[in-house]
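Note sheet for the following structure.
Protein chains: 2
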Amino acid sequence: MLVNNQNYRTIWMQDSSIYMINQQLLPHKFEIYQSKNHLQTAEAIKSMIVRGAPAIGAAGAYGLAQAALLYEGQDYEDFKKYVDAAYNALNSTRPTANDLNYALNFVKSKTFVPDSITNSKMRAFEAADEYANWSIEMCRQIGEHGNKLIKNNQNILTHCNAGALACVDFGTALSPIRIAHYNKKNIFVYVDETRPRNQGSSLTAWELANEKISHAIIADNAAGFFMKQGKIDFVIVGADRIAMNGDVANKIGTYEKAVLANENNIPFYVAAPLSTFDSKCRSGSEIPIEERSEDEVLFMHGKDEEGNIKKFRISPQESPAKNPAFDVTPAKYITGIITEKGIIKPIKEEIERFVRNKNQQPL
Amino acid sequence: MLVNNQNYRTIWMQDSSIYMINQQLLPHKFEIYQSKNHLQTAEAIKSMIVRGAPAIGAAGAYGLAQAALLYEGQDYEDFKKYVDAAYNALNSTRPTANDLNYALNFVKSKTFVPDSITNSKMRAFEAADEYANWSIEMCRQIGEHGNKLIKNNQNILTHCNAGALACVDFGTALSPIRIAHYNKKNIFVYVDETRPRNQGSSLTAWELANEKISHAIIADNAAGFFMKQGKIDFVIVGADRIAMNGDVANKIGTYEKAVLANENNIPFYVAAPLSTFDSKCRSGSEIPIEERSEDEVLFMHGKDEEGNIKKFRISPQESPAKNPAFDVTPAKYITGIITEKGIIKPIKEEIERFVRNKNQQPL
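Protein chains in written order, with my numbering: chain A, 1 to 363; chain B, 1001 to 1363.
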């Protein structure tokens, strides 16, 4: 992704340090956070310096490689113990993110071939890099497939941030938009603010501004207005989990946009790698919805006129809030799901065929 | 309305001062603003110390009475000139609000019977008070009619603030909720935050907290989620303008909630006095939609940890925003319109019958 006209990834590793775009400070300040050991990396995941399931997966993978590389002893059993402890520390940072556990297992399985500690360290780093590159390639392929759906002069609505910042690069929902822009298509993106955490106005808008893709932030309330006015040709969002019947769990508000797109005859697409399908989940009703802290609704973060990033109260002291973080969009509102293997109709039989044939991850 | 267990109106007059709840400071601080002359009153309307069409109407009416009362000369022609100048100053504060102009004309027409300046002053004050009391009575009647629709143990969703603070007392959408609560019905109110100006979380929640009506603030994105979960029995909103075919212009996001209520088979009611119907407007497509400053989306007001109310940026420096302030909800999504004369179906013939038979305003 472009940031200040330079090419960046959300996260990368050099020598034994992990570097990541500090998402706590966006959109107000662009800063690279340097983690010097796996404990700092675990802390960075916990405190959401890095967020988004694929990005957290890569942070975990690199974090485990970092532990291996920084091990200073000579005893292989002791090395294993040290790396296992790092695995546990990293794995417990965000217990619900499936990608994190998957990435850690992948790196661990490649690391522990007991020939030499030096070779094991090398393999750990290579496995972490392979994982990150695989993640980028999945996103890039989603972008290529999605790009075919986007015509010149179209206006696209997106919700939340399923962008490069949530992945290692490209993003999921933003990948087709990026690739369309790289292919010189003239497009305009309506960016849902995405209350309560404002990932749209603080992250998606920031990514689009950096890529110089024309866009405007809108209140979530205004999406239906623009749809009804005929100003939106196409909706594209990411996904947190997809059931085998095509129901999609994603950021709160996705369901509202899907119903409104359907009412206004606007195509509604979900972009996600095949790894987002949960083969054990038959329908959306089986997906538990996380209720997050009411403070996300009652307070906000912003930059005051002196340039300080602060927490502000925006509600009465006496009023409680309810804060479901995700919702489930029934398959009937979804036009198609853009994956690395092509576009899937949200129908059980078609999903099963694609998921059965997906490649072993990663590669 | 109750505030800290005491009965208040949004605006009232005593001697030659006008007192109003300072809505610039809510929900963080409850303060009564005292306006000592009509120029201060005009400024209070302009700076939104008082807001909401019916409340602005009352502010204009009292402001004109204030000008009359404070006139110190003895010449009737000079008195008329002075009051006319005040009329112009007050009328130009918010040029789009129809109630303001209506209220000013009402008070002016009652004032200028050239018998004596003393009598004219008296009539000006009485007319302003009559206007304010009429407004309260309309709202109370809307509440009585709407209350009949609300059953015990129901959960109600409301959008924006069509509360006592937007009127002189009771409110429109909040009036049935208040009356149901006064009648000891057990109800729960879901309060849409209502981005970008947050009238839901800052005003509606504040009113409900003061009345001790159970409620929770939700992100606008979460309304559809709660509807789909079967948690909402009833939606009630206010209206800025209603076309003769039943299309309703109201705060941005109203259309989204109406479509979602319809999709989930939830009754969707609009509460408004008959004066909100525009007999010259045949359908919603004739209603112009105001585009407000993008700063309302890009910045927010809140209270920092030191207790200071400040403006802060919540978006990237480079990103523009689009900010339509209202939308139009087609009549087909509306179950009924709660007026002071009863509940109207949003059908041309029925609307025409009610509007033709409405009483001369006020009284």
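Where a beta carbon is used, it is the ideal one built from N, C-alpha and C, also for glycine. Quick caveat: nothing in here was measured; it's all calculated off a predicted structure.
Item	Value
Determine the closest residue to A/Cys281 out of A/Val355, A/Thr335, A/Lys151, with distance taken between C-alpha atoms.	A/Val355
Classify A/Leu363: buried if its beta carbon has 16 or more other beta carbons within 10 angstroms, exposed otherwise.	Note that A/Leu363 scores 47 on pLDDT, short of 50, meaning its location in the model is unreliable and no value can be drawn from it.
B/Tyr1008 by DSSP, collapsed to three states: which one?	coil
Using a Cβ-Cβ cutoff of less than 6 Å, which residues in the same chain neighbour A/Ala128 once the five nearest sequence positions on both sides are dropped?	Ala61, Tyr62, Ala65, Val107
Counting only beta-carbon separations shorter than 8 Å, does B/Tyr1255 have a partner in chain D?	As a matter of chain content, chain D is missing from the structure shown, whose protein chains are A and B.
Do you know offhand how far B/Ala1249's Cα is from B/Thr1276's?	10 Å
At 8 Å on the CB atoms, spell out the chain A contacts of B/Val1259, in chain order.	Gly224, Val259, Leu260, Glu263
Near A/Ser202, what residues of its chain come up, given a Cβ to Cβ distance below 7 Å and the 5 sequence neighbours on each side ignored?	Leu26, Pro27
Just the chain B side, please: which residues come within less than 7 Å of A/Ala216 by C-beta, in chain order?	Pro1320, Ala1321, Lys1322
Could you check how far apart the C-beta atoms of A/Leu174 and A/Thr204 are, in whole angstroms? I think they sit under 8 Å.	7 Å
Taking any Cβ of chain A, which residues in the segment 1299-1310 of chain B have a Cβ under 8 Å from it, in chain order?	Phe1299, Met1300, His1301, Gly1302, Lys1303, Asp1304, Glu1305, Lys1310
Between B/Pro1324 and B/Asp1233, what straight-line distance do the alpha-carbon atoms span, to the nearest angstrom?	28 Å
Return the CA-CA distance between B/Ser1135 and A/Gln24, expressed in angstroms with no decimal places.	49 Å
With distances taken between CB atoms, is the gap from A/Asn221 to B/Arg1195 smaller than 8 Å?	yes
Counting only beta-carbon atoms, is A/Ser279 nearer than 8 Å to chain B?	no
Examine chain B for any beta-carbon lying closer than 8 Å to the beta-carbon of A/Lys29, and answer yes or no.	no
Name, please, each residue of chain B whose Cβ falls closer than 7 Å to the Cβ of A/Ile252.	Ala1219, Asn1221, Ala1222, Phe1225
B/Ser1035 lies in the beta strand (DSSP E); which residues open and close that run?	1032-1035
Contact criterion: CB-CB distance below 8 Å. Does B/Val1297 meet it with respect to chain A?	yes
Please classify B/Val1259: does DSSP put it in a helix, a strand, or coil?	helix
Compute the Euclidean distance between the alpha carbons of B/Ala1042 and B/Val1297, then round it to the nearest angstrom.	27 Å
Determine the extent of the alpha helix (DSSP H) in which B/Tyr1102 is found, giving its start and end residues.	1098-1111
Report all residues from its chain with a CB closer than 7 Å to the CB of B/Tyr1076; omit the five preceding and five following residues, and keep chain order.	Pro1114, Ile1117
Taking the alpha carbon of A/Leu2 as the point to measure from, which residue in A/Ala209, A/Asp304, A/His301, A/Arg292 has its own alpha carbon closest?	A/Ala209
Are the C-beta of A/Asp327 and some C-beta of chain B separated by less than 8 Å?	yes
Quick one: what's A/His145 bridged to in DSSP?	Note: A/His145 sits in no beta bridge, so no partner.
For a quick check, are the C-beta atoms of A/Ala243 and A/Asp295 less than 8 Å apart?	no
Can you tell me which of the three DSSP states A/Ser17 falls into?	strand
How about A/Ala216 and A/Tyr190: do their beta carbons lie closer than 8 Å?	yes
Return the first residue and the last residue of the alpha helix (DSSP H) that A/Thr41 is part of.	38-46
By alpha-carbon positions, which one of A/Lys322, A/Lys46, A/Thr335, A/Leu70 ends up nearest to A/Met122?	A/Leu70
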